[in-house]
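Participant:
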Amino acid sequence: MNMRKSNLARKRALVAASSLLALAGVSRLHAQAAPAADQTSSQDASGTSGADDQAIVLSPFTVSAQNEGFQAVDTLGGARVKTKLADTPSAISVVTKSFLQDTGITNAQQLLVYTTNTEVAGLNGNYSGVASRGTGVSSNAEAGRLLNPNMANRARGISAMDNTRNYFVSEIPWDSFDIDRVDISRGPNSFLFGVGSPSGIANYSTNQAIFKDKGSVEFRIGGYGSTREALDYNKVLIPRQLALRIDLLNDDTQYRQKPAFNHSERAYAALRYDPKALNTENNQLTINANAEAGRVRSNNPRELPPMDFITGYFAGWGLNKAGYDPFLFAGSQIAGVGAYPNQSPWLNGQDYHYIWPGPGAAYWYDASSGKQLQSMTTLNGNNNNNAILLPQANALYTTGFANYAAAVNRVYPNMFPGAYAGTVTYNNKSLMDPSIFNFYDKLVDGSNKQEWQNWRTFNLTLNDTMFDGRLSFQGVVDHQEFDEGQAGVFGYTEPWISVDMDAYLVKSPTWLGNATVNPNVGRPFLASDFGSGDNSARYVHDNYQLQVNGDLRAEDLFGKGQLSEILGHHSITALVGSYTTKIDSKAWSGYATDAAFGHLMGDPTGKITANRAISWVSYVGPSLINASSASGLNLSNLGSTIMPTSGVIQHFVPTWNATGVDPTAAWTNPSPLVTDHNATQAGNPANYVGWTNVPVNVLNWQNNINDLYTSGNKTEQKLKSAAFMYQGHIWDNTIVPEFGWRRDTLTQRSANAPLDPNTSVASMNYGITGSGDRTVTTSTSYGVAVHLPKSIRGKLPLGTDLSVFYFRGNNETPKVRYAFDTTQLPNEKGKTDDYGVQIDTLNGRATIRLTFYKTIDQNAQVGSGAADPLGNNGYYMYLLPAWGAADAAASGQAIQAWPNALNDWGFTNHPDDSSNTIHNLQVAAVSAWQANFAKYFPQSFFDAYGMGVNVNAITTGDWKNVYNQPNANPITFPWNIANSGSGRVNGSFPIITQDIQSKGFELEATVRPVANWDLTFNVSKTDATQTSLGAQDSAFIQKEYEFFNGPAGNLPLWGFWNGGVDTTTTPYSLPPTSTLRGYFLQNIWSAYQLQLAQTGTMQPDLARWSFKTITNYTFTHGHLKGFSVGGGFRWSSKPILGYGITQITDALGNQTWIMDAQKPLYGTIDKHLDLWVGYERKLTSKIDWKIQLNVTNVGDHPHLAPASLEPDGSWAQVRIVDGASWFLTNTFKF
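Following my numbering, the numbering of the sequence shown begins with 838 at its first residue and continues without gaps.
1. Any idea if VAL1799 is buried or exposed, counting beta-carbon neighbours within 10 angstroms, 16 or more meaning buried?
2. So the candidates are ASP1315, ASN1285, ASP1301, GLN1317; which of them puts its Cα closest to the Cα of GLY1325?
3. Could you check whether PHE1310 and ASN1296 sit closer than 9 Å to each other, using their CB atoms as the reference points?
4. Please list, in chain order, all residues of the same chain as ALA1930 whose beta carbon is under 6 Å from its beta carbon, the five residues on each side excluded.
5. State the start and end residues of the unbroken alpha helix (DSSP H) segment that holds PHE1434.
6. Count the other C-beta atoms from every protein chain shown that fall within 10 angstroms of the C-beta of TRP1154, then say buried if there are 16 or more, exposed otherwise.
7. Could you give the residue range of the beta strand (DSSP E) that holds GLU2013?
8. So, is HIS2084 buried or exposed, given that buried needs 16 or more other C-beta atoms within 10 angstroms?
9. For the stretch 1233–1305, which segments carrying the alpha helix (DSSP H) assignment without a break, of at least 4 residues, lie completely within its bounds, in sequence order?
10. Counting only the same chain and skipping the five closest in sequence on each side, list residues whose C-beta sits under 8 Å from that of PRO1651.
11. In terms of alpha-carbon separation, which member of HIS1756, LYS1797, ARG1821 lies closest to PHE1779?
12. How would you call ILE1038, buried or exposed, if buried means at least 16 neighbouring beta carbons within 10 angstroms?
13. Assign MET1784 to one of three DSSP states: helix, strand, or coil.
14. Whose C-alpha, out of LEU1389, ALA1340, ARG1307, is nearest the C-alpha of ASN1157?
15. How would you label VAL1898, buried or exposed, when you count the other beta carbons within 10 angstroms and need 16 or more for buried?
16. Give the range of the beta strand (DSSP E) segment to which ASP2091 is assigned.
17. Please return the same chain residues whose Cβ sits closer than 8 Å to the Cβ of PHE1146, not counting the five positions on each side in sequence.
18. Leaving out five residues on either side along the sequence, give the residues of the same chain with a beta carbon under 7 Å from the beta carbon of THR1948.
19. Is LYS1958 helix, strand or coil by DSSP?
20. Closest to ARG1293 by C-alpha separation, out of THR1330, LEU1470, THR1617, TYR1376, would be which residue?
21. Are the CB atoms of LEU1545 and ASN1537 nearer to each other than 9 Å?
22. With a Cβ-Cβ cutoff of 9 Å, do ALA1765 and ALA1885 count as a contact?
23. From which residue to which residue does the alpha helix (DSSP H) around GLN1733 run?
24. Can you tell me the Cα-Cα spacing of THR1410 and TYR1619, whole angstroms?
25. In the DSSP assignment, find the unbroken alpha helix (DSSP H) run with GLY1149 in it and report its ends.
26. From PRO1035 to ALA1697, what distance separates their C-alpha atoms?
27. Tell me the residue span of the beta strand (DSSP E) that contains GLN1988.
28. Evaluate contact between the stretch 983–991 and the stretch 1717–1726, counting only Cβ atoms and requiring at least three cross-stretch pairs below 8 Å.
29. Along the beta strand (DSSP E) that carries HIS1316, what are the first and last residues, could you check?
30. Can the beta-carbon of THR1989 be found closer than 9 Å to that of GLN1926?
31. Do you know whose CA, among ASP1694, ASN1887, ASN1769, GLY1783, lies nearest ASN1757's CA?
32. Based on DSSP bridge pairs, tell me the residues matched to GLU979.
33. Between THR1606 and GLY1443, is the Cβ-Cβ spacing less than 9 Å?
34. Measure the C-alpha to C-alpha separation of THR1123 and ASN1570 and round it to an integer number of angstroms.
35. Decide if the stretch 1452–1467 is in contact with the stretch 1408–1426; the criterion is three or more beta carbon pairs, one per stretch, under 8 Å apart.
36. Out of GLN1121, GLN1045, PRO1076, which one is the CA nearest neighbour of GLY1106?
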């Protein structure tokens, strides 16, 4: 270079330095901490197609794809700009393309079982991902995992990592067909992540077009009939200026569970343009664009076997295997349990396989043949047209272990302590005998379940690097659209297999002489309803980001020399950004009858939430009456489609047709359930039309979805962010400090779908109004890496270097969230302190890093919606006051009518003794509601939930207007409440928060002893504990306790005072669990006490120790030249899956059994081996061929692993662990 060029370069450098100093003085910036990764490699960028070898100046916003085997060189994941991994103080693991290719890994589920201190759920996962804190597996535990299996993960034992695409938050699952690398950053980092999880992120960087013609085609076949085809082709259109890359995928994964599958189809394209006219020796302008369209259609396999409600049939305790008359058990249940006094605790009647809470249509099927056996309307006493003619009846069936334990504990307090009170959790057990139902090979749903995903993306990135890399700009426009949904027949429940215990159909009692024998008594069945569970969501992200980086180099100011080496160079990065996310979620009933049928069932408004619902029963095997054991039954799954259709259905028509009979004439009621048998012919069912076929029109979601929507929500989040990052290289790169600052301003608006005032069908034709809620956060992160001085490094053998690190990471996630009391919660805050030491040796071919960490997650979400830590009963916190309002209204009307009957007492029916004990309880309870309700539950509480409760009507005693919608009956029923929010507060599900602390160490090593041998391993130890429960929800629970523990809590939840009254006592009394107080104590207060008792305990299903390793060796000489062999091994220690129990004296002076944090109960060790062998050779001068056989879970058979334990240490719920499988991959590179 001549003197003129040298001076010109110096001037450019000074201009860059001046620009950088000016940049540092900018007072206010708006940006998001989410760098857009332009994943161009320096090696590929220099690849030519007939061009010269002019060097290209890379943008600091890109990383190099150069690596040797499993070892990456640099990352954007710690400091936003390209940084050597050796200079990065935060905990980052980089998964290279070679690693993915050697192992055959294609997705997150397969990868996260091998990466450091990460867990993922699934058949080949290393934890269940569905166990809640102290309450086992929730009723809808698998719903989220089935919809998006890759998202069920956890890092450092805290929570799920964010899935990011080129450092933008994304719902799109990644696949190796179009990605170059995966960067996993553990712990919070305020500069890097916008609304990131304190656990960290898993970022995948998509392929970019390069200036080199090349391509590959992959064909894979695998176990159970799986196939996969992938194409990657890059073409240079204009040498060194324009290139195009196309990636295509067709992946059809089949599973051992039949007919489960997951079929992905994806198309990706990337374009790179380096305009020659604008590029010079010291300036590089690159425009990258990429787009993807994809879809997934699946019926994903289940990780959990069905719940075991069947083996109790053979467990004794006086169970009559021939069945029972269902009419003899109405109204005699042990409240809150469903079992019956003086009967086998395995007998239950909570109407699981009939529609609840009101009458509706029910269909019975044979699972194997698909034949519809019968259909009829259900009869449980809530249809006022029928209740005066036919007594209430409960369908009877065998129950699970949880209800069994509660029923036994009520009679025998020393057995299953704390079960009936609910202070100790006894879980329903999973079915564990595959000879009863082969859950390894059969998907219990059959073809009655489906999930879907669709997406489109577009990304445009402009990088401009000037002054020999001293000043760089990056602008990004990123757009993502993602749709997902699921539909099935099990609704909100986990599947369970039970036994039909109805000796007669629930149509007419035996004492009327026309009872119908149940031909299916004793048959095992699956059952549910179509009332909930089907849902979809649409996410739209629009991201705009501008990023500026300046590199201030001492040598530009002072020339080369010792002073410049000491001062080094300093990188300053700032960005501005605007990020908008729109979410549109919908829920619907899969099937329902039309409004006219609702009218027939006694509801003149035709509400979709009550009498129009459809339930189903499907028998999966023959009668067990003569069987001695459930073993060997080999029960069927749902082998045919459950699809209720229009036609006719059996229904009891209460129309008088007894010509010549005087309705007032005397009639003797033969019922053994009454004491006074003197009645009139008006009460004789024989005088009415009775059971007959009536027309029914069934709506289905495929054709009538607009008439089946039950709820919807639209949410808009607008994030404005500012971020600043400094990174220095001092003393000849010996000291590398960094500092990051960010400010986020989030505005969130939302709206719930309006409900039709008559039918309660949700309309999806609505928008968002109002300014929304606003939250602002500010956070910082900083760290330093210190290496050995060059003078020392130069004297050590094999290029050895010793480095030490410290990193303080913070983030405060801006997100509008609500507690169950509808108040806004503080932001979630993450903080980590990482201390590390790293040894690099073998001339850069070996790196060993040890990190000690302490990560704190404050105000973290414990659960949302149905998945809360209160045994999934958190909804009682807002529904008990709303349901209780109807109880108060009904009782208030009854008091006004006293002592005359009101609607034949109907919902308020009760007997009384001479002292009017029950009536006096009723008066005291209603008076308490009038006096105190508004103080505990203001109108704003119900408005936030979108529930139509009129608080003023309660206060003033305007009992007919307590609910803000037309009533179907003179009495207000709880199940008729308008609930447009479907449990949401201002569009978001309320949550309970907690503080979590995780501490331990992570040891990672990547070694390449020789050029053809790669080895990596990691070891981690994690202690992640809950340190406290959320203050706002705790205060609200205690506030509700004050209300329900007083006279107001004496109202029976479902209004029927007679159903829960114990008439054997004098005066009459109400069993505590039948009242609002009882339900609150059993479902909320006891669960809350359980959570408090677990403060300081480990995160659920957490293995403290983990070891994972992968190695691959390629033969380069001799007879085995071209062959490669490798393997991976992963091991996890026994996780804590439960706790023993102890007895304490609670705050009320009661002796109470609770879980004992000092008595941990452990699961089993998890270990698996994967092996592979490959061969590669040239077919022609331009075509390389590689074939590789991978065998996963070598030597394993499908088996079960515990997911939760009972208090005595026995297995409760279990997860399925897949056995050995294989896949064979042929790859052609050209």
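Idealized CB from N, CA, C, for every residue including glycine.
None of the values given here were measured: they were computed from a predicted structure.
Facilitator: So, from the data block:
1. buried
2. ASN1285
3. no
4. ILE1991, MET1992
5. 1432–1437
6. exposed
7. 2003–2015
8. Nothing can be reported for residue 2084: it is not among the residues displayed for the chain, which extend from 838 to 2067.
9. 1238–1248
10. VAL1032, LEU1556, ASP1581, THR1582, LEU1583, THR1612, VAL1613, THR1614, ASN1664
11. ARG1821
12. buried
13. strand
14. ALA1340
15. Any reading at VAL1898 must be qualified, since the residue scores a pLDDT of 49, below 50, and its modelled position is unreliable; no value is offered.
16. Since the first and last residues shown for the chain are 838 and 2067, residue 2091 lies out of range.
17. TYR1234, THR1235, THR1236, GLY1237, ASN1265, TRP1333, ILE1334, SER1335, VAL1336
18. ASP1851, LEU1852, GLY1963, GLY1964
19. coil
20. TYR1376
21. yes
22. yes
23. 1713–1734
24. 14 Å
25. From DSSP, GLY1149 is part of no alpha helix (DSSP H); its letter is neither H nor E.
26. 9 Å
27. 1988–1999
28. no
29. 1308–1324
30. yes
31. ASN1887
32. Paired residues: none, contrary to the question.
33. no
34. 29 Å
35. no
36. With the sequence shown as reference, residue 1106 is identified as Ala, and Gly is not the correct amino acid for it. Measuring from the Cα of ALA1106, the nearest candidate turns out to be GLN1045.
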